[in-house]
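For the sequence shown, my numbering gives the first residue as 40, with consecutive numbering after it. Cβ coordinates follow ideal geometry from the N, Cα and C atoms, glycine included. Computed from a predicted model, the values in this text were never measured in an experiment.
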Amino acid sequence: MTRRRTSDWREARFRQLHAYVSQLVAPLITKSLEEQSGDIAVPGLPLLTRRGWIPRRPLPLDQVQLNYSAPRADTFDAAKRLLAPYWPTVEGMRVPTYSAAVFQFAKPPMFFDAPSFRLLGLDPTASERTGRSTALQFTMGSYYDWIDTGEALGYEAAKRYAESGGASIIGPYRESLRGPFDFAGRCATPGINTLTIRASRRRSLFYLHRRTSVATARGTVHVVPAGEFQPSGGDTGGHTVGGADLDVRSTIIREYMEEILGRPDVINPTEHVTPVDFMSDPEYAAVESALRGGGAQCHYLGTGLYPLTWKPEILMVCVFDERLFDRVFAEMFNSVDEGDLEGPGGRLLDEDDRLPGTIHFLFGPRKRPYQGLPFDEETVASYANDPTTLPAARACLKLAWQHRGHLNIPTA
40 MTRRRTSDWR
50 EARFRQLHAY
60 VSQLVAPLIT
70 KSLEEQSGDI
80 AVPGLPLLTR
90 RGWIPRRPLP
100 LDQVQLNYSA
110 PRADTFDAAK
120 RLLAPYWPTV
130 EGMRVPTYSA
140 AVFQFAKPPM
150 FFDAPSFRLL
160 GLDPTASERT
170 GRSTALQFTM
180 GSYYDWIDTG
190 EALGYEAAKR
200 YAESGGASII
210 GPYRESLRGP
220 FDFAGRCATP
230 GINTLTIRAS
240 RRRSLFYLHR
250 RTSVATARGT
260 VHVVPAGEFQ
270 PSGGDTGGHT
280 VGGADLDVRS
290 TIIREYMEEI
300 LGRPDVINPT
310 EHVTPVDFMS
320 DPEYAAVESA
330 LRGGGAQCHY
340 LGTGLYPLTW
350 KPEILMVCVF
360 DERLFDRVFA
370 EMFNSVDEGD
380 LEGPGGRLLD
390 EDDRLPGTIH
400 FLFGPRKRPY
410 QGLPFDEETV
420 ASYANDPTTL
430 PAARACLKLA
440 WQHRGHLNIP
450 TA
């Protein structure tokens, strides 16, 4: 009986601390930036960076080289042993990992293991050897390995923050790692974060999501689309240079389909025996053509680490001409599993809908996308400086605004 009560207590404590990671995300991020300020190479950006990780100007995506090496047989036993005391017990047996504990006690609507590209290193000086400006080195990892060795840093931070009365987020697991930029001791699977701009001489717009049913950072605001850098299916051993899905654009296309056009069939890569054939479906083909045919200008803004969990965040911006955007995203959803469009995104406005202070743009008589937020200094700053906006989104907004001329984004 005593053992069962202990298990119940640990379970309740786990649920509470796991919820804190989302409920206290803003103060946790603020404290993590404060305690790790020495790892911020670019003042004003709320990400951990090294010199050169944020290029001086946005790079066309083709100038970013992705390299791939054979998967390692890493089991991350040292990390799992150190973290084990944090997890609850079930019938006297301790749950072995953070992912297992989340699955058992706090599973969100979308939570599954899947192959994920694991970042091994970043070389911003690669241009001298390859003719490209930045090189990122990858191998294959798994989403649950990321949860167990990366997202667990967020849980530990919430635990330390609660126990110290907000004085610190640094715990023994974080201290045991050899710093945020050493990827050897953990599975660092990047997120691809894309700021979407609808460029117009009348008024350029951008799109954000308020996250609802995601596995991490619920209740925050993020760029749309954003998602894990994962293959869409097929043999995970086949992702050499130029391989099926070792391609940032492929991930962005899938995320547009999922988060903008509401296509759930691309969510879980384990359900596909081969990579998604984008050109076999008219909607996929339209997004594919826009992103690969030059209609949408995709630029790499840089890479940084989320200060709370040390997750690599690849920062992107895609700029669409208004006519192309309206055609490609005519079937846009304003609410999907990941979240809801932020701001006035629930309305479809046309010329007759003009009201004082209302954001609007002109459309033809047929279906049209939902409106976004005005890409102006006041609106960009309001989200870029809001602690409930995730750091990667804040960085995308700040960098896109800083380089708006280079990116050819008209502003009022």
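Would you mind working out which of the options sits nearest residue i, comparing C-alpha positions?
i, options, result
"ASP415", "PHE368, SER243, LEU429, LEU340", "SER243"
"GLU486", "SER421, TYR137, LEU347", "Coverage of the chain is limited to positions 40 through 451, which leaves residue 486 absent and any answer about it impossible."
"GLU322", "TYR339, LEU340, GLY333, GLY301", "GLY301"
"GLY266", "LEU67, ASP286, ILE291, PHE53", "ILE291"
"ALA191", "ARG120, GLU202, ASN232, THR259", "ARG120"
"TYR295", "PHE372, ARG49, PRO110", "PHE372"
"GLY193", "LEU63, GLN410, LEU446, LEU438", "LEU63"
"ILE231", "ALA325, PRO264, ARG96, ASP162", "PRO264"
"GLN441", "ALA197, PRO97, PRO66", "PRO97"
"GLY382", "PRO351, VAL262, ARG54", "VAL262"
"LEU111", "ARG240, ALA223, THR235, THR259", "Checking the sequence, you will find Arg at residue 111 rather than Leu. Among ARG240, ALA223, THR235, THR259, the Cα nearest to that of ARG111 is on ALA223."
"ILE68", "VAL134, ALA196, PRO99, SER108", "ALA196"
"SER108", "LEU159, ASN424, TYR212", "LEU159"
"GLU202", "GLN55, GLU50, SER239", "GLN55"
"ARG366", "GLY378, GLU377, ALA324", "ALA324"
Tell me the rounded alpha-carbon separation between residue i and residue j.
i, j, result
"PHE177", "LEU86", "21 Å"
"ARG90", "VAL129", "46 Å"
"SER138", "LEU122", "12 Å"
"TRP126", "VAL419", "40 Å"
"GLY444", "CYS337", "15 Å"
"VAL375", "GLU297", "8 Å"
"SER421", "ALA434", "13 Å"
"ALA452", "TRP185", "Outside the displayed span of the chain (40 to 451) sits residue 452, for which this structure offers no information."
"ARG293", "SER155", "14 Å"
"LEU175", "LYS70", "29 Å"
"PRO426", "LEU446", "26 Å"
"PHE364", "GLN104", "27 Å"
"GLY77", "ASP221", "15 Å"
"VAL326", "TYR59", "37 Å"
"PRO66", "PRO449", "35 Å"
"CYS357", "GLN102", "15 Å"
"ILE299", "ARG250", "13 Å"
"LEU84", "VAL260", "16 Å"
"ARG95", "SER172", "11 Å"
What's the call for residue i, buried or exposed, on a 16-neighbour Cβ count within 10 Å?
i, result
"HIS57", "buried"
"PRO413", "buried"
"MET132", "exposed"
"HIS248", "buried"
"ASP116", "exposed"
"GLY332", "exposed"
"THR417", "According to the sequence displayed, residue 417 carries Glu and not Thr. Counting Cβ neighbours within 10 Å, GLU417 comes out exposed, since fewer than 16 surround it."
"THR428", "buried"
"ARG199", "buried"
"THR136", "buried"
"TRP349", "buried"
"GLY210", "buried"
"THR164", "exposed"
"GLN410", "buried"
"ARG362", "exposed"
"SER289", "buried"
Report whether the distance from the Cβ of residue i to the nearest heavy atom of the ligand FAD is below 7 Å.
i, result
"ARG90", "This structure lacks the ligand FAD, and indeed carries no ligand of any kind."
Here's a check: name, in chain order, each residue in its chain whose Cβ is nearer than 6 Å to the Cβ of residue i, leaving out the five neighbours to either side.
i, result
"THR455", "A question about residue 455 goes unanswered here, because the residues of the chain that appear run from 40 up to 451."
"THR188", "PHE115, ALA118, ARG225, CYS226"
"ILE93", "VAL81, GLY341"
"ALA359", "In the sequence as displayed, the identity of residue 359 is Phe instead of Ala. Only ARG237, ALA335 meet the Cβ criterion."
"ALA206", "none"
"LEU354", "ASN232, LEU340, GLY341, ALA434, CYS435"
"ALA439", "LEU234, VAL356"
"ARG52", "none"
Taking CB distances under 8 Å as the criterion, tell me whether residue i reaches chain D.
i, result
"GLY378", "Reference to chain D is not applicable here, since this structure consists of a single protein chain."
Apart from the five residues on each side of it in sequence, which residues of its chain come closer than 7 Å, Cβ to Cβ, to residue i?
i, result
"ARG157", "PHE177, THR178, MET179, GLY180, CYS226, ALA227, THR228"
"TYR183", "SER138, ASP152"
Apart from the five residues on each side of it in sequence, which residues of its chain come closer than 8 Å, Cβ to Cβ, to residue i?
i, result
"ASP286", "LEU105"
"GLU352", "LEU86, PRO229, GLY230, ASN232, THR342, GLY343, LEU344, TYR345, PRO430, ALA431, ALA434"
### Task
May I ask you to verify whether the region 138-148 touches the region 202-222, counting CB pairs closer than 8 Å and requiring at least 3?
No, because fewer than three Cβ pairs between the region 138-148 and the region 202-222 fall closer than 8 Å, the two stretches do not touch.
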